[in-house]
Amino acid sequence: MSSIVARTGRHLQRYDNNLRLVSGCIPFRLTKPKDQDKIEVLMVSSPNRDDMVFPKGGWESDETVEEAACREALEEAGVRGVIKGNSLGEWEFRSKSKQEACSEEGGCKGYMFVLEVTEELETWPEQNNRNRKWVTIEEAFVVCRYEWMRNALEEFVKVMEKGGNKREHEMVVEIKEEEKPVKQEDEDCQLMSTNCHVSGPMTTSYGVMLPASIFL
């Protein structure tokens, strides 16, 4: 069983004009079949459903939006890593079920980031409720449950084609685990630039230009 405990409750939840603020990420890794880099993204199952999503959850008042994205990746998918660049964007969406209601009106505003995975844990807080799976980007477009997450995946592809969001400085983003003192530093995640080169676009059924070299 994981020694890391997932956060529960919404007493620290951030809101913006009745919209629940949500932060998440698209975790990825590079593999090298036949000496050529390929990209896979990590998805998790929705509880009691067969479709897949990217890790995401409420952005709370005692953390930055990047810290929230890293925490959700740790809790839902059991991975730590490096956040690369700025947010892929922000999306407003409405929950389709009472169980997932973001606020009384069901509205959310979500921020998504690129997370290069550096560590994959064997146990994690939500492993009993979620399965995780590495998939190709093309597969992710097919199995992803939410349209707004597919839009974020489109932005992810654009970032990877351009070599990532370049920044002028690096900032350490800390993950605060419940069992650690509040002041103890944790280097689970860093905010920094990336330099990933892909080329040779191809088109998916969603009309997105995807680099040919990222497919397995």
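In terms of my numbering, the sequence shown is residues 411 to 626.
Here a beta-carbon is modelled for each residue, glycine too, at the ideal position from N, C-alpha and C.
Cβ shell of residue i (< 8 Å), same chain only, five flanking positions each side left out
{"i": "Asp-426", "result": "Lys-519"}
{"i": "Leu-525", "result": "Cys-435, Ile-436, Pro-437, Phe-438, Ala-479, Cys-480, Ala-483, Val-489, Gly-491, Val-492, Ile-493, Lys-494 and Cys-599"}
{"i": "Arg-555", "result": "Ser-456, Arg-459, Asp-461, Met-462 and Val-463"}
Helix, strand or coil at residue i according to DSSP, with G and I counted as helix
{"i": "Lys-442", "result": "coil"}
{"i": "Leu-452", "result": "strand"}
{"i": "Phe-503", "result": "strand"}
{"i": "Arg-424", "result": "coil"}
{"i": "Val-459", "result": "In the sequence as presented, Val is not what sits at residue 459; that position holds Arg. In the structure shown, Arg-459 sits in coil (DSSP, three-state: anything other than H, G, I, E or B)."}
{"i": "Phe-464", "result": "coil"}
{"i": "Leu-531", "result": "coil"}
{"i": "Arg-490", "result": "strand"}
{"i": "Glu-536", "result": "coil"}
{"i": "Glu-482", "result": "helix"}
{"i": "Thr-558", "result": "Thr is not the amino acid found at residue 558; the sequence shown has Trp there. In this structure, Trp-558 counts as helix in the three-state DSSP scheme."}
{"i": "Leu-498", "result": "coil"}
{"i": "Glu-470", "result": "strand"}
Neighbourhood of residue i by C-beta, 6 Å cutoff - its chain only, sequence neighbours within 5 removed
{"i": "Gly-488", "result": "Leu-531 and Trp-534"}
{"i": "Asp-541", "result": "Here residue 541 turns out to be Asn, not Asp, going by the sequence shown. For Asn-541, where only same-chain residues beyond five positions count, the Cβ hits under 6 Å are Ser-455."}
{"i": "Arg-504", "result": "Gly-516 and Gly-517"}
{"i": "Asn-539", "result": "Pro-457"}
C-alpha gap between residue i and residue j, whole angstroms
{"i": "His-421", "j": "Leu-440", "result": "38 Å"}
{"i": "Phe-551", "j": "Thr-474", "result": "28 Å"}
{"i": "Val-553", "j": "Asp-461", "result": "6 Å"}
{"i": "Gly-468", "j": "Asn-428", "result": "13 Å"}
{"i": "Val-545", "j": "Asn-561", "result": "17 Å"}
{"i": "Glu-450", "j": "Arg-424", "result": "31 Å"}
{"i": "Met-453", "j": "Arg-430", "result": "22 Å"}
{"i": "Lys-442", "j": "Lys-448", "result": "6 Å"}
{"i": "Glu-549", "j": "Met-559", "result": "13 Å"}
{"i": "Glu-485", "j": "Glu-502", "result": "23 Å"}
{"i": "Lys-543", "j": "Met-522", "result": "19 Å"}
Burial state of residue i, where buried means 16 or more other Cβ atoms lie within 10 Å
{"i": "Ser-471", "result": "exposed"}
{"i": "Glu-564", "result": "buried"}
{"i": "Glu-557", "result": "exposed"}
{"i": "Glu-536", "result": "buried"}
Beta-carbon contacts of residue i that lie in its chain and below 7 Å, excluding the five residues immediately before and after
{"i": "Thr-528", "result": "Arg-490, Gly-491 and Val-492"}
{"i": "Lys-466", "result": "Val-432, Ser-433, Gly-434, Glu-482 and Gly-520"}
Mind the definition here: the stretch 493 to 503 touches the stretch 448 to 462 only if three or more C-beta pairs lie below 8 Å; say whether that holds.
-> No: the two stretches stay apart, fewer than three of their Cβ pairs being nearer than 8 Å.
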